[in-house]
Amino acid sequence: MQTSFQMIIVGRTIMGVHNGCALMVASMYLAEVSPSNLRGAIGTTPPVFLTIGILVSQILGLQQILGSEERWPYLLGFYVIPAVLQSSCMMFLPESPRCLLIDKDDPEASRRALVKLQGAHINQDVYMQEMKTEHENELKEPKMSLLALVKSRSLRPQLLICVLVWLGQPFSGVAAILFYSTSIFLQAGVPGEYSYYGTIGVGGINVLATVVSMMVVDRAGRKALLLWGVAIMAFSFAVLTVTLGLTEARDSNTTMSTAAPFEDPYQWIAYLSIVFVIIYIIAFAIGLGPIPYIITGEMFRQGARPAAFMIGGSANFVANGVVGLVFPILQARIGALTFLIFMAVCVLLCIFVAVKVPETKNKTFEDIQKLFGVQDVDDARGDASNGISNDGYCGTTYL
């Protein structure tokens, strides 16, 4: 058993590192191959399948299926099936047309990949010209390393937006809701057996709401969905703080906690808590859940895009781990007041999005870069003299 336990730790570590890298690379690939008018919908597919995976794992993890002491090894082994299917399908994926043209300087291969991805009916010249314009700007700069991106003054606004929205995902409390939704239902007064099914229901709603986001993101816009989603999340946490706080007060009252269900004046609290957990999940799934995947791919040119995804993704996964470790400790010490911390994060993030995040729907990569202002020549030379690659744009007028 000791050897098996050690193997589980090693396996989960390898799988976690790979999943993090694969998720960022997939998001970057989809951003590069998508037409501008569909880039939002296509860029939302990773979080859609991510939520589907969470839902499937919740269902298979039920004790009646694979969650028992005897069958849990089969639950871990189940992940081999989608991994093999994904690896097999990836062999048939064409290379990104942007990568072929900008990174490998092969316009003919880029055109063939473009036709394979979007069909021969498209106006190839328009897409090729857009990529050539980006290519000409890329020739002025080498690929950016992680350190160069962090040091670059010209890309600081984009990087700040990228990092804060990625950090906003876990620090807005979604990890606490998803990881501990069963205990939240129990605290709200839901019977133990039904609380597990409630968690699965939350996972199903998460999938449906993310699909809705995919359908409307190119019409409603990234900023609108992000702004309204975070605002509703903050309001949901305010309500949950009150309802779960009243539940704690009820549980501390011996007479009240032993009363019959219809004699308990606080029985409605359990239902209200569940309603606002669901509202929170819907708000997250239409905004802060999928939007970071989209705007990270849109706000950077080819040379800086890989480094941006690595920085944003790394910040996200580290923050997820921090919340997963700290939340149960805070919940044990201060109870429902823990959600006030998440509410404060949502309020601050909402203000930041309203003031600093531009709308990027239906814009080319070059148009998006222009939203941050043209870089001064002196600033460009200053970055170059420090050994920092720049993209010809400056964020000093933006922040």
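Here the sequence shown is numbered in our numbering, starting from 52 and rising by one per residue. Just so you know, even glycine gets a beta-carbon here, dropped at the ideal spot from N, CA and C. Fair warning: this is a prediction, and the values are worked out from it, not measured in the lab.
> Nearest CA to the CA of Leu-113: which residue from Tyr-245, Asp-176 and Gly-94?
Replying inline: Tyr-245
> Can you round the beta-carbon distance between Ala-359 and Leu-218 to whole angstroms, since I take them to be within the 8 Å contact cut?
Replying inline: Ala-359 to Leu-218, Cβ: 14 Å. No contact.
>> Can you tell me where the alpha helix (DSSP H) holding Phe-13 begins and where it ends?
In response: An answer regarding residue 13 cannot be provided, because it is not within the stretch 52 to 450 covered by the chain.
> Which residues in the same chain have their Cβ closer than 8 Å to the Cβ of Ser-223, if we skip the five residues on either side of it in sequence?
Replying inline: When the five nearest sequence neighbours on each side are left out, the beta carbons in the same chain lying within less than 8 Å of the beta carbon of Ser-223 are those of Val-281, Met-284, Phe-335, Leu-339, Phe-393, Val-396, Cys-397 and Leu-400, in order along the chain.
>> For Thr-389, count the other beta carbons within 10 Å of its own beta carbon; 16 or more makes it buried, fewer makes it exposed. Which is it?
In response: buried
> Are there 16 or more other CB atoms within 10 angstroms of the CB of Gly-62, so buried, or fewer, so exposed?
Replying inline: Around the C-beta of Gly-62, fewer than 16 other C-beta atoms lie within 10 Å, and the residue is accordingly described as exposed.
> From Val-166 to Phe-288, what does the alpha carbon distance come to, in whole angstroms?
Replying inline: 47 Å
>> Using CA atoms only, rank isn't needed, just tell me which of Val-258, Ser-234, Leu-259 and Asn-257 is closest to Tyr-247.
In response: Of the residues Val-258, Ser-234, Leu-259 and Asn-257, the one whose Cα lies closest to the Cα of Tyr-247 is Ser-234.
> To which residues of the same chain is Ala-370 closer than 7 Å at the C-beta, ignoring the five residues directly before and after it?
Replying inline: Once the five neighbours on either side are set aside, the close Cβ partners of Ala-370 are Leu-218, Pro-221 and Phe-222.
>> Quick check on Ala-226: does DSSP put it in helix, strand or coil?
In response: It is helical.
> Relative to the C-alpha of Gln-353, which residue among Pro-242, Met-182 and Ser-232 is closest?
Replying inline: Considering only alpha carbons, the answer is Met-182.
> How about Leu-323 and Thr-294: do their beta carbons lie closer than 9 Å?
Replying inline: Cβ distance < 9 Å, so Leu-323 and Thr-294 count as in contact.
> Between which two residues does the alpha helix (DSSP H) harbouring Tyr-245 extend?
Replying inline: Looking at the DSSP string, the run of the alpha helix (DSSP H) that includes Tyr-245 is 243 to 271.
> For Ile-380, which option in Ile-362, Leu-126 and Ala-227 has the closest C-alpha, if you only look at C-alpha atoms?
Replying inline: When only C-alpha atoms are compared, the closest one is Ala-227.
> So, helix, strand or coil for Val-93, using DSSP?
Replying inline: In the sequence on display, residue 93 carries Ile and not Val. Taken through DSSP and simplified to helix, strand or coil, Ile-93 comes out as helix.
> If you draw a straight line from the C-alpha of Val-290 to the C-alpha of Ser-232, how long is it?
Replying inline: Straight-line Cα distance between these residues: approximately 16 Å.
>> So the candidates are Leu-89, Ile-59, Met-141 and Thr-415; which of them puts its Cα closest to the Cα of Met-266?
In response: Among Leu-89, Ile-59, Met-141 and Thr-415, the Cα nearest to that of Met-266 belongs to Leu-89.
> Count the other CB atoms within 10 Å of the CB of Met-66; is the residue buried (16 or more) or exposed (fewer)?
Replying inline: Around the beta-carbon of Met-66, fewer than 16 other beta-carbon atoms lie within 10 Å, marking it exposed.
>> Between the alpha carbons of Val-253 and Pro-98, how many angstroms are there, rounded?
In response: Across the structure, Val-253 and Pro-98 are spaced so that their CA atoms are roughly 15 Å apart.
> When the distance is taken between beta carbons, is Phe-351 closer than 9 Å to Cys-213?
Replying inline: yes
> Assuming Gly-249 contacts Val-262 under a Cβ cut-off of 8 Å, what Cβ separation, rounded to an integer in Å, is found between them?
Replying inline: With 8 Å as the limit, Gly-249 and Val-262 do not qualify as a contact, their Cβ atoms being about 21 Å apart.
> Looking at the structure shown, is Ile-402 part of a helix, part of a strand, or coil, going by DSSP?
Replying inline: helix
> Are the CB atoms of Asn-257 and Ile-110 nearer to each other than 9 Å?
Replying inline: no
> Helix or strand or just coil, what does DSSP make of Ser-119?
Replying inline: coil
> Should the stretch 325 to 332 be called in touch with the stretch 413 to 422, which here means at least 3 C-beta pairs below 8 Å?
Replying inline: no
> Secondary structure at Leu-277, three-state DSSP: helix, strand or coil?
Replying inline: Reduced to three states, the DSSP call for Leu-277 is helix.
> Could you give the uninterrupted runs of the alpha helix (DSSP H) lying entirely in the stretch 149 to 180, keeping only those of 4 residues or more?
Replying inline: Within the stretch 149 to 180, the alpha helix (DSSP H) runs of at least 4 residues that lie entirely inside it are, in chain order, 158 to 169.
> Can Ala-260 and Ile-333 be called in contact, C-beta distance under 9 Å?
Replying inline: Their beta carbons are under 9 Å apart, which means Ala-260 touches Ile-333 by this criterion.
>> According to DSSP, is Ala-355 part of a helix, a strand, or is it coil?
In response: Ala-355: coil per DSSP, three-state reduction.
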